[in-house]
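Enquirer: Chains as they are written, first to last, in this note's numbering: chain A, 821 to 945; chain B, 18 to 383. C-beta: ideal position from N, C-alpha, C; glycine also. For clarity, every value in this text was computed on a predicted model and none was experimentally measured.
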Amino acid sequence: MRPNDRKYLKSHEWCKIDGDVATLGITDFAVSQLSDLVFLDLPNKGSSVSADTSFGSIESVKAVSDIYSPVSGEVIEVNKALPDNLDWLSTDPFGQAWMLKVKVTGKSAGLMDAAAYEQNCADGH
Amino acid sequence: MRETALKSAHVALGARLVPFAGWNMPVQYGPILDEARTVRTKAGLFDLGHMGRVRIRGRDAEAMLQRLQTNDVSQIQPGRIRYAMILDEQGRTQDDILVYRNPGNDGFFLVINAGNAERDLGIIRACAAGFADAIVEDQTDALGMIAIQGPLSETITQRLTDANLAALKYYAWTRGTFCGVPMEISRTGYTGEDGFEVYVPAAHTARVWNEFLACGKPDGLQPIGLGARDTLRLEAGMPLYGHEIDEGTNPLEAGLDWGVKFTHDFVGRAALERIQAAGGTGRRLVGLRSDSKRVPRQGYPVAAGGTITGEIRSGAISPTLSTHIATAYVRTEHSAPGTALEFLIKDKPEPAVVVPLPFYKRPGKA
Numbered sequence: 821m822r823p824n825d826r827k828y829l830k831s832h833e834w835c836k837i838d839g840d841v842a843t844l845g846i847t848d849f850a851v852s853q854l855s856d857l858v859f860l861d862l863p864n865k866g867s868s869v870s871a872d873t874s875f876g877s878i879e880s881v882k883a884v885s886d887i888y889s890p891v892s893g894e895v896i897e898v899n900k901a902l903p904d905n906l907d908w909l910s911t912d913p914f915g916q917a918w919m920l921k922v923k924v925t926g927k928s929a930g931l932m933d934a935a936a937y938e939q940n941c942a943d944g945h
Numbered sequence: 018m019r020e021t022a023l024k025s026a027h028v029a030l031g032a033r034l035v036p037f038a039g040w041n042m043p044v045q046y047g048p049i050l051d052e053a054r055t056v057r058t059k060a061g062l063f064d065l066g067h068m069g070r071v072r073i074r075g076r077d078a079e080a081m082l083q084r085l086q087t088n089d090v091s092q093i094q095p096g097r098i099r100y101a102m103i104l105d106e107q108g109r110t111q112d113d114i115l116v117y118r119n120p121g122n123d124g125f126f127l128v129i130n131a132g133n134a135e136r137d138l139g140i141i142r143a144c145a146a147g148f149a150d151a152i153v154e155d156q157t158d159a160l161g162m163i164a165i166q167g168p169l170s171e172t173i174t175q176r177l178t179d180a181n182l183a184a185l186k187y188y189a190w191t192r193g194t195f196c197g198v199p200m201e202i203s204r205t206g207y208t209g210e211d212g213f214e215v216y217v218p219a220a221h222t223a224r225v226w227n228e229f230l231a232c233g234k235p236d237g238l239q240p241i242g243l244g245a246r247d248t249l250r251l252e253a254g255m256p257l258y259g260h261e262i263d264e265g266t267n268p269l270e271a272g273l274d275w276g277v278k279f280t281h282d283f284v285g286r287a288a289l290e291r292i293q294a295a296g297g298t299g300r301r302l303v304g305l306r307s308d309s310k311r312v313p314r315q316g317y318p319v320a321a322g323g324t325i326t327g328e329i330r331s332g333a334i335s336p337t338l339s340t341h342i343a344t345a346y347v348r349t350e351h352s353a354p355g356t357a358l359e360f361l362i363k364d365k366p367e368p369a370v371v372v373p374l375p376f377y378k379r380p381g382k383a
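#1: Suppose you measure from the CA of L857 (chain A) to the CA of P48 (chain B); what does that come to, to the nearest Å?
#2: According to DSSP, H341 (chain B) sits in a beta bridge with which residue or residues?
#3: Give the single residue among B:I241, B:P354, B:A145 whose Cα lies nearest to the Cα of G31 (chain B).
#4: Mind checking which residues open and close the alpha helix (DSSP H) that includes A80 (chain B)?
#5: Would you decide whether Q939 (chain A) is buried or exposed? Buried here means 16 or more other CB atoms lie within 10 Å of its CB.
#6: With 7 Å as the C-beta to C-beta threshold (strictly closer), list the residues of the stretch 215-248 of chain B near chain A in chain order.
#7: I want to verify the contact list: residues of chain A whose CB lies under 9 Å from the CB of I49 (chain B), in sequence order.
#8: Between V312 (chain B) and chain A, is the shortest Cβ-Cβ distance under 8 Å, so that the two count as touching?
#9: For the beta strand (DSSP E) holding W40 (chain B), just list the boundary residues, first then last.
#10: If you run the structure through DSSP and keep just helix, strand and coil, what is D236 (chain B)?
#11: On a CA-only basis, which of B:A145, B:I103, B:V153, B:V225 is nearest F126 (chain B)? Give me that one, please.
#12: Buried or exposed: which applies to G108 (chain B), given that a residue is buried once 16 or more other Cβ atoms fall within 10 Å of its Cβ?
#13: So W908 (chain A) is in the alpha helix (DSSP H); what residue range does that whole segment cover?
#14: In terms of residues, what are the limits of the alpha helix (DSSP H) holding G139 (chain B)?
#15: Based on the DSSP secondary-structure assignment, which residues constitute the bridge partners of L160 (chain B)?
#16: Using C-beta distances below 7 Å, list every residue in its chain close to P354 (chain B), excluding the 5 sequence neighbours before and after it, in chain order.
#17: Anything in the stretch 314-345 of chain B with a Cβ closer than 7 Å to a Cβ of chain A? List those residues in chain order, please.
#18: Quick test of your reading: I334 (chain B) and R306 (chain B), contact by CB under 8 Å. State the CB separation rounded to the nearest angstrom.
#19: Using a C-beta cutoff of 8 Å, does F849 (chain A) count as contacting chain B?
#20: Please list the terminal residues of the continuous beta strand (DSSP E) segment that includes R192 (chain B).
#21: Comparing the C-beta of F859 (chain A) with each C-beta of chain B, is any distance below 8 Å?
#22: How long is the line joining the alpha carbons of L85 (chain B) and L138 (chain B), rounded to whole angstroms?
#23: Which residues does DSSP pair with T55 (chain B) in a beta bridge?
#24: Can you give me the Cβ contacts of T298 (chain B) inside the same chain, cut-off strictly under 8 Å, excluding the 5 residues immediately before and after it?
#25: Counting only the same chain and skipping the five closest in sequence on each side, list residues whose C-beta sits under 7 Å from that of S877 (chain A).
#26: Name the two residues that bound the continuous beta strand (DSSP E) containing Q111 (chain B).
#27: From the DSSP output, in three-state form, read off K836 (chain A) for me.
#28: Using a Cβ-Cβ cutoff of less than 8 Å, which residues in the same chain neighbour G233 (chain B) once the five nearest sequence positions on both sides are dropped?
This is the structure we're talking about:
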């Protein structure tokens, strides 16, 4: 079971909301599907993200994938060390490999709890 | 989805299987870049069961093949193999193939791309229908196909076969037994390394695969997926249908004129001669190198000083060269090695430079 202190998108991003700040990342399932990561592109502090819209991209040996935001708001912090330490995405996707902190102004209508996300992955999505 | 005879062997080895050209194929067993390095330094084993395999025989087999494809079959000696293309009347590439003349000179064998196999078989059968005695047999299900590629290929393979591999030249093939099973073996491949491709009756494919892996284990032989195969073939400058070549390209602009012989009347010849007389199509396939952080990918636009000149057809991280490599069609005036170009990722330019193909040649190869 994945952490149930946070919400998930069908496209395999997670967000953990504390007050009006959301921490964003991608799940272990996303990392296993991508495999062989080589590059991560994240937005700058101060830029804005929109729920269900791409905020960055992650590149593996064979493909590039967009990363979608579970929330809308302003980026207040970026995990600057992550692009140079992509192995964190494999070793600690729900902790050390967080990507952004966002001051939340809105949320995706598609947020799922851990149990629903588990089912989504089991269905092979 | 079609499956090769080795599907359960791949699952047992922990492979990640993906759909490819209608087949469920292993894309990787471990990290793709490690698999590519294994082939360059030791040896790797590939399931090529998805490739189309066709036998052509009959009195008119040679005449039929002369019409069908671009190489001059009359110049292929028994037991030898040549690269060729099937074109349409407009000179557009329908597939690239290997043409094998049987070692006993009693017919031919073709290896064709999985993704084009159905269309090819239609073209081949239609061509054969114009001849009194040209018989076409699809052997894709009847035969398994396994490749071993890498510097240790001959050492490992010789332990398993009575065929004299030291005497088997590059792009030659022979018959023999393999683990006691009658088979055919060619010194060919799609990686730029020395190696062999083995054709065995389908019922024995799994046994041959397992014998190979067990026998090569002390030498570091590993199973290799399609992911690394794509990286390896790109490093070696070998075209892949759907990327460097497709029905929108012709062999001249793709730099594959060495596979075209204007000595016989093949479908598409007149169109190629017209293109040649007109001085080409104005574009060329080139190799690009880039030390950018971003990997060049198929479909990205290529620009020269801010003006679009073409697009990427294949791109990869090259573990052998420790840089990014790509192929692209660009305007002829931008095709000379050393030309500085850019590829665009969401309109953001990343620097690249034109380099000669292939990117990689194995040590000691002319």
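Expert: Concretely, from the data shown:
#1: Along the first sequence, one-based indexing puts residue 857 (chain A) at 37. Along the second sequence, one-based indexing puts residue 48 (chain B) at 31. If I take the Cα positions, the gap works out to 10 Å.
#2: In the second sequence, the residue the question calls residue 341 (chain B) occupies position 324. Beta-bridge partners of H341 (chain B) (DSSP): B:S307, B:I334.
#3: For the purposes of this step, residue 31 (chain B) is taken as the residue at position 14 of the second sequence. Ranking B:I241, B:P354, B:A145 by Cα distance to G31 (chain B) puts B:I241 first.
#4: Counting from 1 along the second sequence, the entry for residue 80 (chain B) is found at position 63. Here the alpha helix (DSSP H) through A80 (chain B) covers 78-85.
#5: Start at 1 with the first residue of the first sequence, and residue 939 (chain A) comes out as number 119. Within a 10 Å sphere around the beta-carbon of Q939 (chain A) sit fewer than 16 other beta-carbons, which makes this residue exposed.
#6: Identification of residues in the stretch 215-248 of chain B having a C-beta nearer than 7 Å to some C-beta of chain A yields G244, given in sequence order.
#7: To locate residue 49 (chain B), count along the second sequence from 1; it is residue 32. Within chain A, the residues near I49 (chain B) are S855, D856, S880, V881, K882.
#8: Position 295 of the second sequence holds residue 312 (chain B). It does; some Cβ of chain A falls within 8 Å.
#9: Numbered from 1 along the second sequence, position 23 holds the residue referred to as residue 40 (chain B). Element bounds for W40 (chain B): 40-45.
#10: Position 219 of the second sequence, counted from the start, is the residue given in the question as residue 236 (chain B). Residue state, collapsed to three classes: helix.
#11: As a working note, residue 126 (chain B) is residue 109 in the second sequence. Selected option, being the one with the closest Cα: B:V153.
#12: Translated into positions along the second sequence, residue 108 (chain B) becomes position 91. So G108 (chain B) counts as buried.
#13: Here residue 908 (chain A) is taken as the residue at index 88 of the first sequence, counted from 1. 908-911 is the span of the alpha helix (DSSP H), which, as asked, contains W908 (chain A).
#14: As a working mapping, residue 139 (chain B) is identified with position 122 in the second sequence. Its alpha helix (DSSP H) spans residues 134-145.
#15: As a working mapping, residue 160 (chain B) is identified with position 143 in the second sequence. The bridge partners DSSP lists for L160 (chain B) are B:P218.
#16: Taking the first residue of the second sequence as 1, we reach residue 354 (chain B) at position 337. Contacts found: V371, V372, P373.
#17: Flagged, chain order: R314, I334.
#18: Position 317 of the second sequence, counted from the first residue, corresponds to residue 334 (chain B). Position 289 of the second sequence, counted from the first residue, corresponds to residue 306 (chain B). Not a contact, Cβ separation roughly 12 Å.
#19: By 1-based counting over the first sequence, the position of residue 849 (chain A) is 29. Not closer than 8 Å to any Cβ of chain B, the Cβ of F849 (chain A) fails to qualify, so no.
#20: Residue mapping note: residue 192 (chain B) aligns to position 175 of the second sequence, counting from 1. Note, R192 (chain B): beta strand (DSSP E), 190-195.
#21: Counting from 1 along the first sequence, the entry for residue 859 (chain A) is found at position 39. For F859 (chain A), the answer is yes, since a Cβ of chain B falls inside 8 Å of its Cβ.
#22: Here residue 85 (chain B) corresponds to residue number 68 of the second sequence, with the count starting at 1. Here residue 138 (chain B) corresponds to residue number 121 of the second sequence, with the count starting at 1. C-alpha separation (whole angstroms): 11 Å.
#23: Taking the second sequence and counting its residues from 1, one reaches residue 55 (chain B) at position 38. According to DSSP, T55 (chain B) bridges with nothing at all.
#24: Your numbering for residue 298 (chain B) matches position 281 in the second sequence. The beta carbon of T298 (chain B) is closer than 8 Å to those of N267, L269, E270, I292 in its chain, skipping five residues each way along the sequence.
#25: Taking the first sequence and counting its residues from 1, the one referred to as residue 877 (chain A) is at position 57. Only D861, V884, S885, D886, I887 meet the Cβ criterion.
#26: In the second sequence, counting from the first residue as 1, residue 111 (chain B) sits at position 94. Start and end: 110-118.
#27: Here residue 836 (chain A) is taken as the residue at index 16 of the first sequence, counted from 1. Three-state DSSP puts K836 (chain A) in a strand.
#28: Residue mapping note: residue 233 (chain B) aligns to position 216 of the second sequence, counting from 1. Apart from the 5 residues on each side of it in sequence, G233 (chain B) sits with its Cβ closer than 8 Å to the Cβ of A60, L62, I165, L169, I173 in its chain, given in chain order.
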